[in-house]
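There are 2 protein chains.
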Amino acid sequence: MRVLGVDPGLTRCGIGVVDGERGRRARCVEVGVVRTPAETELPRRLQVVGEEVERWLDRHRPEVVAVERVFSQHNVSTVMGTAQVSGVVALLAAQRDVPVAFHTPSEVKAAISGSGRADKKQVAAMVTKILGLDTPPKPADAADALALAVCHVWRGPMLARIAEAQTRAEALAKNHRNRLQEASRAARRSGEKPSKGHRR
Amino acid sequence: MRVLGVDPGLTRCGIGVVDGERGRRARCVEVGVVRTPAETELPRRLQVVGEEVERWLDRHRPEVVAVERVFSQHNVSTVMGTAQVSGVVALLAAQRDVPVAFHTPSEVKAAISGSGRADKKQVAAMVTKILGLDTPPKPADAADALALAVCHVWRGPMLARIAEAQTRAEALAKNHRNRLQEASRAARRSGEKPSKGHRR
């Protein structure tokens, strides 16, 4: 399985491609970072990052794109730009029919290091070890992109099965709710409404 | 000036096109809303909204796209999707060399109704009056998209000048800072460091 991991960001956007199967050694195909200057206006920054992501998608043809799931609880001043980049990445993948998986930072850390609370340095060290690299990828955003890709190689299929089961369960629950509501409406129409006012 | 206004959203994304000049009656060219079902996965939802925005951009060829500036203080559960849509819209405009202007909800309300605290109903009523429509555009997201476009027609050129002045002022300040740092470094190198240790 070839996974393209993206650690979304405007100032630095980490991108990394990993080949691997669960149970086998994963391999780093390419890793890098796209930078855009803060002085450049937002639409142009999104375009620069988008063009680079498109080049990586077309060059490596990944089966899946793994993107960090952004939470609004984080640093308020940067979270909007990060969310906008993640939207752009998801769009560009969807345009190429490449599925997109979102993983939370703690999912990634837990998958890579066994602890959801590992710091950036520990994640970079584990990525270096797992992929058999000579030195830790720099900057941290590049290491994070590889960590996302490794996380997906290892946990993606399982997480996808969980998500599928959840969707099925939700659809079932919705179906039940609808049938209950229908039955209740039918009961009301036929005058058998079990409310106080009808106890004559 | 032709402005395409977008009230970004995944469940409902309002789009409206307005022709106008400051001081003349503005005209509604087209208004609508793109809906995507919550069951559909995120990348596909972004793609559906993106394709519709592209159709509007290509059909109306606006001079500017006006998008609501998203704040993370808002509803946490929807703000990420909204930010992602705004990123996609900015990208698609940038790909066509159409400038993008971001306006905050209170800027829009203040421009349209004179008060930054107008509610959705008041904004819709004012948009209806300003554009001489027979009935208020529905849903509220469609009215909001027109409000954004009208706001930009009326206030855009002024806001753009303010933003330009700010950028210039920041560049000047940065330049001054750099020159001060350089002078300080040069002073230190020549041994004239004005610190206590040098008062022999």
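Chains Z and X, in that order, are what the protein sequence lines are.
So in numbering that gives the first Met the number 0, spot 168 of the first sequence is number 167, and the numbers just go up one at a time.
So in numbering that gives the first Met the number 0, spot 129 of the second sequence is number 128, and the numbers just go up one at a time.
Positions of the beta carbon are idealized from the N, C-alpha and C atoms, including for glycine.
Close beta carbons around X/A109, own chain, < 8 angstroms, minus the five adjacent residues each side: G115
Could you say which of X/A37, X/D18, X/T35, X/G22 lies nearest to X/V28 if we only look at CA atoms? X/D18
Have a look at the DSSP bridge pairing and note the partners of X/L130. Looking at the DSSP assignment, X/L130 forms no beta bridge with any residue, so it has no partner.
Where X/E67 sits in the DSSP three-state scheme: strand
So, at 7 angstroms on beta carbons, what are the nonlocal neighbours of X/V87 in its own chain, with the 5 sequence-adjacent residues on each side left out? L45, V48, G49
Buried versus exposed, by CB contacts within 10 Å (16 or more), Z/G22: exposed
Kindly list the residues whose CB is nearer than 8 angstroms to the CB of Z/P138, restricted to its own chain and excluding five residues on each side of it in sequence; keep chain order. R11, G13, V32
Name the DSSP beta bridge partners of X/I14, please? X/V5, X/G31
Hey, how far is the Cα of Z/G15 from the Cα of Z/V52? 10 angstroms
Just to make sure I have the definition right: I need the residues of chain X whose C-beta is within less than 8 angstroms of the C-beta of Z/P42. Which are they? A89, L90, A92, A93, P98, V99
For the putative contact between Z/P42 and X/A89, defined by C-beta atoms under 8 angstroms, what is the C-beta separation to the nearest angstrom? 4 angstroms
Chain X within 7 angstroms of Z/H197, Cβ atoms only: Confidence is the limiting factor: at Z/H197 the pLDDT is only 48, short of 50, which leaves the residue's position unreliable, though a coordinate-based value still follows. By this cut-off, Z/H197 is not an interface position.
Drop a sphere of 10 angstroms on the beta-carbon of X/E67, count the other beta-carbons inside from all chains shown, and report buried for 16 or more, exposed for fewer. buried
Quick check: the Cα distance between Z/V64 and Z/D57, rounded to an integer number of angstroms? 12 angstroms
Any chain X beta carbon closer than 7 angstroms to Z/G13: no
Distance, Cα to Cα, X/T134 vs Z/A185? 37 angstroms
Taking X/E62 and X/M0 to be in contact with their CB atoms under 8 angstroms, please state how far apart those CB atoms are, rounded to whole angstroms. 6 angstroms
Close-in-space but distant-in-sequence residues of the same chain around X/L132 (CB under 8 angstroms, 5 per side omitted): C27, V126
Given that Z/S85 touches chain X, what residues does it touch there, using C-beta distances under 9 angstroms? M79, A82, Q83, G86
Whole-number beta carbon distance between Z/A148 and Z/L3, since they are thought to touch under 8 angstroms: 7 angstroms
Find the nearest neighbour of Z/R60 within the set Z/N177, Z/P7, Z/L91, Z/V107, judged by alpha-carbon distance. Z/L91
Consult DSSP for Z/H197 and reduce its assignment to one of helix, strand or coil. Confidence at Z/H197 is low in this model, with a pLDDT of 48, below 50, so its placement is unreliable and no value can be given for it.
For Z/L45, return the contacting residues in chain X, with the cut-off set at a CB-CB distance below 8 angstroms. G86, A89, L90, A93
Cutoff 7 angstroms: X/V69 Cβ touching any chain Z Cβ: yes
Quick check on the burial criterion: 16 or more other C-beta atoms within 10 angstroms. Buried or exposed for X/S112? buried
What is the DSSP secondary structure of Z/R184, reduced to helix, strand or coil? helix
Can you name, in chain order, every residue of its own chain whose Cβ lies under 8 angstroms from the Cβ of X/A117, other than the five neighbours on each side? K108, I111, M125
Taking all protein chains shown into account, do 16 or more other C-beta atoms lie within 10 angstroms of the C-beta of Z/L179, making it buried, or fewer, making it exposed? exposed
May I ask you to report which of helix, strand or coil DSSP gives X/A100? strand
Grab me the residues of X/A164's own chain with a C-beta within less than 6 angstroms of its C-beta, minus the 5 sequence neighbours each way, in chain order. none
Leaving out five residues on either side along the sequence, give the residues of the same chain with a beta carbon under 7 angstroms from the beta carbon of X/G196. In this prediction, X/G196 scores a pLDDT of 46, lower than 50, which makes its location untrustworthy; the coordinate-derived value is nonetheless stated afterwards. Same-chain partners within the cutoff: there are none.
Rounded to the nearest angstrom, what separates Z/V122 and Z/A146 at their Cα positions? 7 angstroms
Is X/G155 close to chain Z, meaning its C-beta is less than 7 angstroms from at least one C-beta of that chain? no
Should Z/A117 be counted as a contact of the ligand MG given a C-beta to heavy atom distance under 6 angstroms? Of the ligands one can find in the structure shown there are none, so the ligand MG has no counterpart to examine.
Just how far apart, CA to CA, sit X/R54 and Z/P136? 41 angstroms
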